[in-house]
Amino acid sequence: MKTLTELIQNYQNGIPDSDSEILKRMEPLVKGYASRIHCMEREDSTQELYLTLLKTLPYLSSSSSEGECIRYMQTSVENRYRSLCRSCLSEPEKDDFDSCSVSLQAPDSFDDTYYDVTAYINSYPSDSVQRKILSMYFYQDKSDAQIAQKLKLSRQYVNRMKKKLILRYISENK
-10 MKTLTELIQN YQNGIPDSDS EILKRMEPLV KGYASRIHCM EREDSTQELY LTLLKTLPYL
50 SSSSSEGECI RYMQTSVENR YRSLCRSCLS EPEKDDFDSC SVSLQAPDSF DDTYYDVTAY
110 INSYPSDSVQ RKILSMYFYQ DKSDAQIAQK LKLSRQYVNR MKKKLILRYI SENK
């Protein structure tokens, strides 16, 4: 079995299949980093890291020790890994237009009590105290004290009338 420095020298001399043998030897390193890149498909990240290794081969010296060559390739893979992670983090997420689906239907839990309450309030004459109390309570979200002050009634009367009207509404709509 040839050493890594011999394979690098063979690659630089143009001997075929020496590059694939180097990539096979560095496969655990590449797969380890490729599995950590979650913003890309694993196959895509593996290919990116293999390309990085192939780009480093011309810069390696056959006179360097095997450890130096491995460390140089490892550093280049680490740098490319960091670069890919940074680019995925800084790039805004894009949605595929064809895969988006928009539903214009009302959800199943649509509650039509608003329409029922509106019909109940409108069943009273427009100038009646009952209609004014319910309108201010439901539409304007006023408290009993605010309603009493506006209509010049006592707070207790407004509270009793409101409770009575709400209970009547509940009993009618069971």
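Mapped onto our numbering, the consecutive letters of the sequence shown carry residue numbers -10 to 163.
In this text, a Cβ means the ideal position worked out from N, Cα and C, and glycines have one as well.
A quick note: this is a predicted structure, and the numbers were derived from the prediction, not measured.
- In this structure E37 is buried. Its beta-carbon is surrounded by 16 or more other beta-carbon atoms within 10 angstroms.
- DSSP places K131 in the coil class of the three-state scheme, outside both helix and strand.
- Taking 8 Å as the cut-off, the Cβ atoms of L49 and V19 do not count as close.
- By the neighbour-count definition (other C-beta atoms within 10 Å, threshold 16), R69 is a buried residue.
- Of the candidates E161, Y61, L(-7), L(-7) places its Cα closest to the Cα of K13.
- Contact fails between the region 98 to 114 and the region 52 to 63, because fewer than three Cβ pairs, one in each stretch, are under 8 Å apart.
- The DSSP assignment places 7 to 14, 16 to 23, 31 to 45 as complete runs of the alpha helix (DSSP H) inside the region 2 to 51, in order along the chain (cut-off: 4 residues).
- If you look at K(-9), you'll find it isn't in any alpha helix (DSSP H); DSSP assigns it neither H nor E.
- In this structure, the straight-line span from the alpha carbon of R71 to that of S7 is close to 28 Å.
- Between the C-alpha atoms of Y0 and E32 there is a straight-line separation of about 25 Å.
- The Cβ-Cβ distance between K139 and M125 falls below 8 Å.
- Approximately 6 Å separates the beta-carbon atoms of I122 and M150; this is inside 8 Å, confirming the contact.
- Annotation: G3 to S9 spans about 12 Å, alpha carbon to alpha carbon.
- The Cβ atoms of L73 and S132 do not sit closer than 8 Å to each other.
- Straight across, the Cα-Cα distance linking L46 with L(-4) is about 10 Å.
- Here the C-alpha atom of N148 lies approximately 10 Å from the C-alpha atom of L154.
- With respect to the 8 Å criterion, Y128 and R120 are not classified as neighbours on the basis of their beta carbons.
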